[in-house]
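Here's the structure we're looking at; comments come further down.
In my numbering, the protein residues as written are 627 to 823.
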């Protein structure tokens, strides 16, 4: 059970390069699954920080947060390592949820306390849809993975074929919270600053 397992995920680089597939490594953890606390399934901690530029080092999962895709509704509630959960399970106007929804990982604690750069690729998508707002801009490198029941127990491989769905999501949805960076030495880095929009 000590093994690292990787799943194919899509990386949206902040510098404007095209999205591409990357292996998202997961490792076993003793933390309880916040989305299915009584499932009894082994929990695997993803490591998207490997692909996040300028992220604070040595904080692991406390340096990033996630938006678990409900491309239709945003839920707040459970936490894992101080990260608020929010789901992407369907696009606007869909009657049924995706059989394999998405989890969006984004950085929140920068190395130097400065804001992460606005993700140029996603900004261009939102400008085309006339929905770009600086206050809720996606910042830094964004990693998107797929899962079945919970992103912490049943992640599955994604593919570049997921891109059109994710493009439609980003077209109309800003970041789930303002990505205000915390200083590494600020003390309470496990309490993630998140402001509803």
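Quick reminder that beta carbons are idealized off the backbone N, C-alpha and C, glycines included.
Suppose you measure from the CA of residue 739 to the CA of residue 733; what does that come to, to the nearest Å? Roughly 12 Å between the two C-alpha positions.
Run through DSSP, which three-state label would residue 630 get? Coil.
Close-in-space but distant-in-sequence residues of the same chain around residue 828 (CB under 6 Å, 5 per side omitted): Shown here, the chain extends from 627 to 823; a query on residue 828 therefore has no answer.
Flag this pair as yes or no: are the beta carbons of residue 729 and residue 790 separated by less than 8 Å? no
Alpha helix (DSSP H) segment containing residue 651, residue limits: Not the alpha helix (DSSP H): residue 651 falls in the beta strand (DSSP E), residues 646-655.
Would you call the CB atoms of residue 674 and residue 748 closer than 8 Å? no
Among 679, 781, 645, 690, nearest to residue 653 - alpha-carbon criterion: 781
On the criterion of 16 or more Cβ atoms from any shown chain inside 10 Å, does residue 772 qualify as buried, or is it exposed? Burial check for residue 772: the Cβ neighbour count within 10 Å reaches 16 or more, so the residue is buried.
Determine the contact status of residue 759 and residue 745, defining contact as a CB-CB distance below 8 Å. At a Cβ-Cβ threshold of 8 Å, residue 759 and residue 745 do not count as neighbours.
Does residue 752 pass the burial test, meaning 16 or more other C-beta atoms within 10 Å, or should it be called exposed? Here residue 752 is buried, its C-beta having at least 16 other C-beta atoms within 10 Å.
Just verifying my parser: in three-state terms, what is the DSSP assignment at residue 605? Since the first residue of the chain shown is 627 and the last is 823, residue 605 is not available in this structure.
Pairwise C-alpha distance: residue 656 and residue 779: 12 Å
I'd like to confirm the pairing. Which residues does DSSP put opposite residue 772 in its beta bridges? 728, 782
Would you list the one or two residues that DSSP bridges to residue 692? 731
C-alpha gap between residue 823 and residue 798, whole angstroms: Note that residue 823 has pLDDT 32, beneath the 50 cutoff, so the model's placement of it is unreliable and the number below is only indicative. C-alpha separation (whole angstroms): 13 Å.
With residue 678 and residue 690 assumed to form a contact (beta carbons below 8 Å), what rounded beta-carbon distance in angstroms separates them? 6 Å
I'd like the list of long-range same chain contacts for residue 736, defined as Cβ closer than 7 Å, with 5 residues on each side in sequence excluded. 680, 681, 682, 742, 807
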